[in-house]
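Accompanying notes for the structure given below.
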Amino acid sequence: MKKINVGKKVLSMLLVAFLLVTNSLVVGATPRKESAWPQFRGETLNPGVTDSKTPRSSEEIEESWAKKMGTGWSFSDPIVVGSYVYITDSSNVKKLDKKTGDIVLEKPLAERIGFFSRMAYGEGKLFVPVGEGRIQCIDANTLESLWITKVNPSDMSLQAISPVTYYNGYVYMGATSGSADKGIFYAVSAKDEDPSVGDEIKEYTWTYSPSEGKKGYYWSGASIIGNSIVFGGESGQVVSHSLTTDAVIDTLEINEAIRTSIHYDIKTGRIYIATKAGNIHSVKVNSDGTFDKSSLITKKIGSDITSSPVSYNGRIYVAGGGALSGAGFSVLDANTLEIIYQINDIASQSSPILTTAYATAENNYTVYLYLFNYKNPDDIYVIKDFQGNTEPSYEKVATPSKPQYNSSSAAIDEEGSIYFKNDSGYLFKFINKVNGAFGVEDVIDIINRLPNIENITLNDEISINDVMERYKDLSDEDKLMVTNIDKLNAALEKINDLKDADKEVERLLVEIKELPDEITLEDKAKVKELFDSYDKLSEEHKLKVTNADKLINSYKTIIKLEEAEAIKDMEAKIAKLPELKDIVLDEEEKINNLYKEFTNLSEDVQNQVTNKDKLIEAKEKIDYVRGEVTSIEKDIWEKINPENITLENKNIVYGLISRYNALDERDRKYVNHFDEVLDAKKVIDTLEKAEEKVDVKPEVKPETKPEVKSEVNTQTNLPKTGGVNSVILIFISAIILTTGTILFLKNNNLRKEIKK
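Be aware that the sequence shown starts at 440, since it is given in our numbering, and climbs by one per residue.
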């Protein structure tokens, strides 16, 4: 009996020792993150992605609680920090117990918030966007104010409705006027310089505004890429800016309003930008923060997109269809932006949130994405996707107990619970009622999903750190049951080796020496990879790369060869454009994309494109025709009142018909609602005939009326005059007038519904 007790003690000591040894690398790798969902779209460096076991079906999901937080739109999206959920109503910040939804603490804000407020967390502080485009810093424990940013000029009347980004000691946000004509993007230090003062005025570290066009940042979120922050706004200018100094690294003009967060995919090295014009753009970002403008690609997927993209495993996911948007949910190839499939049944303004918790090699890395229906009821949708999939698979899994309109996005905690708010003023929590806990087998699975050690690169650092955090969440007893901990330790060691600057210098010295003397485009990938690695070194370590001149010259040669190739490619694309007489709106997307590609070339390269005038003339014609089509549609909308068509509208109607007929017949189909003009003409003709019969005048020469050259399906032959008894004609005219009025009232109701 005594020996058994001693054996147990020895075994316990051995197990503890084993635990300490196996944990040594893991514990020392990086501190445990404080927050499961620290800001809009989650993690700063891996936004929109979680590894939590969220509910996948209606059988797994259940509403845990619903709590009244505010009224209408004026309260924030939630964030999750430790055991608490933080949210603001129109004028207060609230700290909730995430298990019960009960308010633990509540304090007033310095300013009221706007219709949208997306706070961030870092260093034990909350960074809350408030009135006048300001950020208020609040202690997350006590909810006491620590500082607030300076007041902007009163003539700007700014709103803080863009997401706040916290990263590495600094806070970033864009602000806008209501019209988005004015605005700034700014950075401030997160540090509380004077802890004794709660209303300390924080000065900007730097600010930025476009030099031309609209300057506002409306729902515009940023992306952290290396030592730069990339953001875009209403002007359509994408900016790469230094994180901590007032230095612009590069700009990219896409000339379309950006009301989404820019998304960076570390695997492809590309950013993805969804715009109000309904396009998604993608461009590579170089290691120095500049844009590889020759890599810009664009795809039209809908209209008026306000959903931020998310990426995983070579695919891009973005929502649409909410409010005025004409697109549903889209899945695209991350390298080409080709549409894999779309789901037009899901109309959402949410930014999709993706979980990798269930992805394995056996199920082709199946992931699940979460969206809310924009209109009331704001049903929760789950979309299933996997590698190689080309067909939609989705389910409406639940409806909140207080349904309403919903423009928010989900916040996910470690246990797979989903938090969100809608326009009812309620905050909701939905749970995985089957099994949201992350256990030993789950940790073993995600370790197995890590790349083989020889294939690990610095791009895998985020996912390896996420696995490490899941491992550290286990109890000491459960950690002993993780049978593949050696692979995790080896992965962490490989990452540390890759980050070792001296080892990188040694590699560069060898591989630069092996570069050929005559550089061609076949050497492009290798030269750029070496140059990117060299550029990431500190100035001290760069001095150790004694053959750096050879690398720099090789890089310059590649740039020149790329420019020559870009000129040749651009000239070939322009040559394929139709002649000017055949430039119609069918070619609009092609011409706009080509013109955008052309303008993103350097000025020197543009001047070397020999047939650039053909493209410029095509662009000018497309812009003119589009402007005329838009102007006609605007006049139809503003000047044709279906409820009150009179003879006073005659000149307006005939003028619209003349302008319509002046368009190329191939462009007329792009004029929306022209059938309303034709219907108005019918009513006017009927009114004229009725008036002629009431006041008969001999030999009145009929006024010349324009011929309508239209393929609008609703057009009918104009009524003819002749020797018909006047009483019968008046009776027939009354019937036609009544019928036309009914049709117009129906049409007007439809237009009102659209405006809603």
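Idealized CB from N, CA, C, for every residue including glycine. The structure presented is a predicted model; accordingly, all values stated were derived computationally and were not measured.
Going straight from the alpha carbon of residue i to that of residue j, what length do you get?
i: residue 844; j: residue 946; result: 56 angstroms
i: residue 705; j: residue 898; result: 6 angstroms
i: residue 552; j: residue 600; result: 8 angstroms
i: residue 461; j: residue 816; result: With a pLDDT of 44 at residue 461, under the threshold of 50, the predicted position of this residue should be treated as unreliable, though the coordinate-derived value follows. For residue 461 and residue 816, the distance between alpha carbons rounds to 50 angstroms.
i: residue 701; j: residue 1091; result: 44 angstroms
i: residue 824; j: residue 550; result: 43 angstroms
i: residue 672; j: residue 583; result: 32 angstroms
i: residue 1026; j: residue 802; result: 42 angstroms
i: residue 870; j: residue 638; result: 39 angstroms
i: residue 1050; j: residue 1117; result: 42 angstroms
i: residue 779; j: residue 770; result: 6 angstroms
i: residue 534; j: residue 966; result: 52 angstroms
i: residue 987; j: residue 627; result: 36 angstroms
i: residue 1076; j: residue 1087; result: 17 angstroms
i: residue 877; j: residue 696; result: 41 angstroms
i: residue 479; j: residue 846; result: 13 angstroms
i: residue 950; j: residue 689; result: 29 angstroms
i: residue 959; j: residue 664; result: 29 angstroms
i: residue 484; j: residue 575; result: 23 angstroms
i: residue 668; j: residue 1063; result: 36 angstroms
i: residue 487; j: residue 798; result: 16 angstroms
i: residue 1052; j: residue 616; result: 38 angstroms
i: residue 976; j: residue 1112; result: 60 angstroms
i: residue 529; j: residue 513; result: 5 angstroms
i: residue 497; j: residue 857; result: 14 angstroms
i: residue 772; j: residue 1078; result: 44 angstroms
i: residue 508; j: residue 547; result: 14 angstroms
Are residue i and residue j close, meaning C-beta to C-beta below 8 angstroms?
i: residue 837; j: residue 789; result: no
i: residue 596; j: residue 868; result: no
i: residue 889; j: residue 910; result: no
i: residue 749; j: residue 810; result: no
i: residue 678; j: residue 712; result: no
i: residue 1016; j: residue 1054; result: yes
i: residue 872; j: residue 866; result: no
i: residue 657; j: residue 686; result: no
i: residue 875; j: residue 538; result: no
i: residue 660; j: residue 592; result: no
i: residue 800; j: residue 516; result: no
i: residue 1019; j: residue 1067; result: no
i: residue 519; j: residue 912; result: no
i: residue 1107; j: residue 1099; result: yes
i: residue 707; j: residue 774; result: yes
i: residue 675; j: residue 693; result: yes
i: residue 523; j: residue 536; result: yes
i: residue 490; j: residue 905; result: yes
i: residue 835; j: residue 820; result: yes
i: residue 647; j: residue 624; result: yes
i: residue 641; j: residue 588; result: yes
i: residue 1002; j: residue 1044; result: yes
Which whole-angstrom value is the C-beta distance of residue i and residue j, which I expect to be below 8 angstroms?
i: residue 709; j: residue 726; result: Residue 709 to residue 726, Cβ: 13 angstroms. No contact.
i: residue 840; j: residue 505; result: 5 angstroms
i: residue 566; j: residue 610; result: 5 angstroms
i: residue 785; j: residue 768; result: 5 angstroms
i: residue 1084; j: residue 1122; result: 4 angstroms
i: residue 495; j: residue 807; result: 5 angstroms
i: residue 691; j: residue 732; result: 6 angstroms
i: residue 562; j: residue 590; result: The pair is not a contact, with the Cβ atoms about 24 angstroms apart (cut-off 8 angstroms).
i: residue 629; j: residue 605; result: 7 angstroms
i: residue 1047; j: residue 1013; result: That pair is no contact at about 13 angstroms.
i: residue 521; j: residue 473; result: 7 angstroms
Check: Which ranges does the alpha helix (DSSP H) cover as unbroken runs of at least 4 residues, wholly within the stretch 1035-1080, from first to last along the chain?
Finding: Within the stretch 1035-1080, the complete alpha helix (DSSP H) runs of at least 4 residues are 1042-1046, 1051-1078.
Checklist line | Touching by the beta-carbon criterion (3+ pairs, under 8 angstroms), the stretch 1025-1037 and the stretch 726-738 | finding: yes
Notebook entry, point to check: Is the number of C-beta pairs between the stretch 831-839 and the stretch 882-899 that are closer than 8 angstroms three or more?
Noted result: no
Item checked: Inter-stretch contact (C-beta, 8 angstroms, three-pair minimum) for the stretch 672-690 and the stretch 737-757 -> no
Next item on the list: Give, in chain order, every unbroken run of the alpha helix (DSSP H) that is at least 4 residues long and sits entirely within the stretch 888-966.
Entry: Segments of the alpha helix (DSSP H) lying fully in the stretch 888-966: 900-912, 915-918, 924-937, 940-952.
Checklist line | Cβ contact check for the stretch 879-886 and the stretch 903-921: 3 or more pairs under 8 angstroms | finding: yes
Checklist line | Those runs of the beta strand (DSSP E) which lie wholly inside the stretch 494-546 and span at least 3 residues | finding: 500-507, 518-520, 523-527, 531-536
Next item on the list: Could you name each continuous alpha helix (DSSP H) segment of 4 residues or more that falls completely within the stretch 558-634, going from the start of the chain to the end?
Entry: none
Margin query: Quick check on the DSSP output: what are the complete beta strand (DSSP E) runs of length 3 or more inside the stretch 798-825, in order along the chain?
Written below: 806-811, 819-824
Check: Which whole runs of the beta strand (DSSP E) in the stretch 691-724 are 3 residues long or more, in chain order?
Finding: 702-704, 709-713, 718-724
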